[in-house]
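Numbering (our numbering), first residue to last: 5 to 356. Virtual Cβ for every residue (Gly too), placed ideally from N, Cα, C. These numbers were taken from a predicted model, which means no experiment stands behind them. Following: one structure in structure tokens, then a few remarks.
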Ligand SMILES: C[S@@+](CC[C@H](N)C(=O)[O-])C[C@H]1O[C@@H](n2cnc3c(N)ncnc32)[C@H](O)[C@@H]1O
């Protein structure tokens, strides 16, 4: 199921870039018109237009390649803030043998995938802390891919501090070199990764490329229902957008979570993907759905404000899908369960 991205208006940079463009036009006008009052009025109208144009950013829709470049810049801009906030702490922790940041359903499912000695790739691995933790749990070859050079650099420092053998590659996941194709038993995707993907089918296609036949795609994401909410002015909850929202969402708020304060930034673009779209993309690749659970577990600090509100949304979900060994085998699905996630291996155990 392809996600259609409408290109209504060409991306035109930030407010700071828009104003000089109007200034250039006004400078030309000034050479021919001497009426200062008229020129000042035109300038005010133009500035106002530039601000409105950029502020009503729900109408500005970038083409996917521009969006990915904007997002790369946004993550590189945010990276030093994350470094300041948690790098020293993580450096110390990873020096301790066997340190792991994994917990809850993520840890439970990873353990059930029996990752000891297995080759694991993580798409959108950020500073690699989860992949380094997986390596510390006994995984074999571990390779993480992330678009932010700055975050990958931080991850390499963590790996070096802990003496952990883990390859971290700075790349847009859509451009992962083909030498990694078919090399992995598990491809991992965790909280806050899918929303950066303009097209879920392409994303799952990348995971399929990387997996060995019989390999598993494991997604542990924030539930897309959360995208419908936002914090209101009093710290309460308001409806922000319909669950069935389809257009890309442009934000001028810097990427801030895990205790990083919010800040004004260059625009970045994210995409709301409803749960059925994620499942459809997996099934469209003829993968076998082994586990799908919607969970109460809150896996992102960004939604803590929902806890006291009593809205009790599904906070996260886990999905495990298997790349079929033979394309002739039929797709089997497991019904969603409440509470703890089930065992993606079912009663059969691992089938390779
Ligand atoms: C919220 S993090 C998710 C990873 C992990 N759960 C975490 O919280 O550290 C999202 C990551 O996706 C990366 N990212 C965004 N777009 C990407 C792309 N096209 N290719 C590779 N990485 C991308 C960002 O650089 C960022 O590190």
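Take residue 80, set aside five residues on each side of it, and the residues of its chain with a beta-carbon closer than 7 Å to its own are 152, 153 and 154, in chain order.
For residue 140, the enclosing alpha helix (DSSP H) has its first and last residue at 133 to 140. Proximity of the segment 200 to 218 to the segment 274 to 286 meets the contact definition, three or more beta-carbon pairs being nearer than 8 Å.
In the DSSP assignment, residue 154 falls outside any beta strand (DSSP E) and within the unbroken alpha helix (DSSP H) covering 153 to 166.
Here residue 326 carries a strand assignment [DSSP, helix/strand/coil]. Exposure of residue 268 is indicated by the presence of fewer than 16 other C-beta atoms within 10 angstroms of its C-beta.
A distance criterion of 6 Å places the beta-carbon of residue 176 in contact range of ligand 1, judged by its closest non-hydrogen atom. For residue 108, the shortest separation between its Cβ and any heavy atom of ligand 1 does not lie below 6 Å.
Assignment of residue 216 by DSSP, reduced to helix, strand and coil, places it in the strand class. Per DSSP, residue 183 lies in no beta strand (DSSP E) and is assigned neither H nor E. Taking C-beta atoms under 8 Å as the contact rule, residue 290 and residue 328 qualify, at a distance of about 6 Å.
For a cut-off of 8 Å, the C-beta gap from residue 132 to residue 111 is around 17 Å, too long to register as a contact. About 5 Å separates the beta carbons of residue 171 and residue 147, which is inside the 8 Å limit, making them a contact pair. Between ligand 1 and the CB of residue 196, the shortest heavy atom gap is smaller than 6 Å.
Below 8 Å, too few C-beta pairs join the segment 241 to 251 and the segment 209 to 218 to call them touching: fewer than three. Setting aside the 5 residues that flank it on each side, residue 211 is surrounded in the same chain by 191 and 221, each with a C-beta closer than 6 Å to its C-beta; the list follows chain order. For residue 99, there is no enclosing beta strand (DSSP E); the enclosing alpha helix (DSSP H) covers residues 92 to 99.
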